[in-house]
Amino acid sequence: MQKVPYIWKNGKFLNWDDAKTHLITHTLHYSAGAFEGIRFYDTKKGPAIFRLKEHTKRLFYSAKALDMKMQYSQKEINEAIIKLIKKNKIKKGYIRPLVYYGEGRMGLSTKGFLPDTMIAAWGWGSYLGEHAVRVKISKYMRIHPASTVSDAKLCGHYTNSILASIDAYKNGYDEALLLDYKGHVAEGPGENIFMVKQKTIYTPSVGTILPGITRDAIMTLARDLGYKVVEKNIKPEELKRADEAFFTGTAAEVSPISSIDGKKLKLAEGGPVTMHLKEEFLKIVNGENKKYSKWLTVVQ
Ligand SMILES: Cc1ncc(COP(=O)(O)O)c(C=O)c1O
Numbered sequence: 002m003q004k005v006p007y008i009w010k011n012g013k014f015l016n017w018d019d020a021k022t023h024l025i026t027h028t029l030h031y032s033a034g035a036f037e038g039i040r041f042y043d044t045k046k047g048p049a050i051f052r053l054k055e056h057t058k059r060l061f062y063s064a065k066a067l068d069m070k071m072q073y074s075q076k077e078i079n080e081a082i083i084k085l086i087k088k089n090k091i092k093k094g095y096i097r098p099l100v101y102y103g104e105g106r107m108g109l110s111t112k113g114f115l116p117d118t119m120i121a122a123w124g125w126g127s128y129l130g131e132h133a134v135r136v137k138i139s140k141y142m143r144i145h146p147a148s149t150v151s152d153a154k155l156c157g158h159y160t161n162s163i164l165a166s167i168d169a170y171k172n173g174y175d176e177a178l179l180l181d182y183k184g185h186v187a188e189g190p191g192e193n194i195f196m197v198k199q200k201t202i203y204t205p206s207v208g209t210i211l212p213g214i215t216r217d218a219i220m221t222l223a224r225d226l227g228y229k230v231v232e233k234n235i236k237p238e239e240l241k242r243a244d245e246a247f248f249t250g251t252a253a254e255v256s257p258i259s260s261i262d263g264k265k266l267k268l269a270e271g272g273p274v275t276m277h278l279k280e281e282f283l284k285i286v287n288g289e290n291k292k293y294s295k296w297l298t299v300v301q
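Quick note, the sequence shown lines up with residues 2 to 301 if you use my numbering.
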């Protein structure tokens, strides 16, 4: 990971090396925390943050799910993110806000606790690599919506994601795909999934997934480009018979899928619909499509 000069914590800019936390940090032990992953891109107008307001809104939704008392407003968090990018002089990369319970308290009742807030930003390239990914259907089920607030981005959910990732790479695959409790396709450990059949685009309905901000952008973009987009329950067998499939996510952007459980898709190396959407998405995030400039916050 590329070190940058500053990390923001509770309203102050700390030097990277001083931004430490105590071993008795509640969230380190019990994982009660909410976070975001946001990308910013090097555009002609300067660094531009993709869908900043939507990400901050989701951060507050996630923190609320844990009954955390936010110490800053959404506006203050957005301003802190912008200042952090400016101070660190980074042109493109990844932003990680995290709201967590810090040192000094233990126990599972968080009554009366006040969270700490930190924001880091660093340069981060391609997440799933440049090639279409080989996917394994995970032996782990996606977290059950009755056991947690499954559409919140909570630290604890990522144990499920990490277990699925381990299961995938230990078996020689690039990425995992988790099914929900009904056996339907849910999502990747850190990505939403789409499949394409005869030019129609399908994606799992909300309910057992994190409703991704990239997922929303891709559905909007695809419809604007004239594609039919359908949200529905998808069986794994149906996915294996798809013409194309791809992951979306802040880190993964638009990443083509080549195979599921070793079964190659018909258009395995990124079919025409996937590549069309990927190309148009990259134009948008890089500030080359005025129509979607509302999705970009330029850091000036
Ligand atoms: C489990 C999970 N699903 C989907 C996504 C994609 O969401 P987004 O496009 O908002 O990054 C992410 C990434 O945040 C994730 O962690």
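Glycine residues also receive a C-beta, built at the ideal position from the N, C-alpha and C atoms.
Remember, it's a predicted structure, so these values are computed and weren't measured experimentally.
Pick from the options that is closest to residue i, judged by C-alpha positions
| i | options | result |
| --- | --- | --- |
| Met119 | Glu239, Leu53, Leu15, Phe282 | Leu15 |
| Leu305 | Lys21, Gly34, Ser256 | What is shown of the chain runs 2 to 301, which leaves residue 305 out entirely. |
| Glu77 | His277, Ala49, Lys54, Thr149 | Lys54 |
| Lys65 | Ala81, Ala169, Gly130, Ala153 | Ala153 |
| Pro116 | Ser127, Gly130, Leu99, Asp181 | Leu99 |
| Ile25 | Gly103, Gly191, Gly38, Glu239 | Gly103 |
| Ala246 | Thr201, Leu226, Gly288 | Thr201 |
| Lys88 | Trp123, Met2, Leu226, Arg106 | Trp123 |
| Lys198 | Ser256, Ile235, Lys292 | Ile235 |
| Ala20 | Thr204, Asn172, His145, Trp9 | Trp9 |
| Asp244 | Asp217, Ile83, Trp296, Leu266 | Leu266 |
| Phe61 | Ile50, Arg52, Tyr73 | Tyr73 |
| Leu226 | Trp296, Glu280, Val299, Lys112 | Glu280 |
| Asp181 | His158, Ile163, Pro146 | Pro146 |
| Pro48 | Gln75, Ser63, Lys84 | Lys84 |
| Gln305 | Trp17, Asn11, His158, Gly12 | Shown here, the chain extends from 2 to 301; a query on residue 305 therefore has no answer. |
| Gly271 | Lys264, Gly173, Glu232, Ile258 | Ile258 |
| Ser32 | His158, Ile50, Ser148 | His158 |
| Asn79 | Ile50, Ser63, Cys156, Lys140 | Ile50 |
| Ile86 | Lys233, Tyr141, Tyr7, Arg106 | Tyr7 |
| Lys183 | Pro237, Glu176, Asn193 | Pro237 |
| Ser162 | Val150, Glu176, Asn172 | Glu176 |
| Met276 | Asp262, Met196, Glu239 | Met196 |
| His56 | Ser260, Ile214, Thr22, Gln301 | Ile214 |
| Trp125 | Leu155, Ile194, Gly94, Glu239 | Gly94 |
| Ser63 | Gly113, Phe114, Val150 | Val150 |
| Glu239 | Thr204, Ser166, Ala165, Tyr228 | Thr204 |
| Ile261 | Lys229, Gly130, Ile194, Lys233 | Ile194 |
| Gly130 | Phe282, Phe114, Ser256 | Ser256 |
| Thr22 | Thr111, Gly105, Gln301, Ala81 | Gly105 |
| Phe282 | Ser166, Lys229, Arg224 | Arg224 |
| Pro273 | Thr44, Lys233, Ser294, Tyr228 | Tyr228 |
| Phe36 | Asn11, Ala165, Cys156 | Cys156 |
| Ala81 | Tyr141, Asn11, Thr44, Gly113 | Asn11 |
| Gly30 | Ala165, Thr111, Glu232 | Looking at the sequence shown, residue 30 is not Gly but His. If we check each option's Cα against that of His30, Thr111 comes out closest. |
Anticipated Cβ contact below 8 angstroms, residue i with residue j, distance rounded
| i | j | result |
| --- | --- | --- |
| Leu222 | Leu268 | So it is not a contact: roughly 19 angstroms between Cβ atoms. |
| Thr249 | Ile219 | 5 angstroms |
| Ala121 | Gly191 | Not a contact, Cβ separation roughly 17 angstroms. |
| Ile1 | Val5 | A query on residue 1 cannot be resolved here, the shown segment of the chain reaching from 2 to 301 and no further. |
| Leu179 | Arg216 | Contact flag wrong, Cβ pair sits at about 15 angstroms. |
| Tyr128 | Thr28 | With a Cβ gap of about 24 angstroms, Tyr128 and Thr28 do not count as contacting. |
| Arg52 | Trp296 | 5 angstroms |
| Val299 | Lys46 | 5 angstroms |
| Lys264 | Lys241 | 5 angstroms |
| Ala169 | Ser139 | 7 angstroms |
Inset, instruction - Taking only runs that begin and end inside the stretch 200-256, name each unbroken beta strand (DSSP E) of 3 or more residues, in chain order. - result: 201-204, 230-232, 245-250
Legend entry - Entirely enclosed alpha helix (DSSP H) segments - the stretch 42-107, minimum 4 residues: 53-66, 75-89
Inset, instruction - Specify whether the stretch 60-77 and the stretch 130-148 touch according to this definition: at least 3 beta carbon pairs, one from each stretch, less than 8 angstroms apart. - result: no
Legend entry - Three-pair Cβ contact test at 8 angstroms for the stretch 197-213 versus the stretch 174-187: yes
Inset, instruction - Count the C-beta pairs between the stretch 284-292 and the stretch 27-43 that are closer than 8 angstroms, then say yes if the count reaches three, no if not. - result: yes
Legend entry - Whole beta strand (DSSP E) elements within the stretch 115-175, 3-residue minimum: 117-123, 134-142
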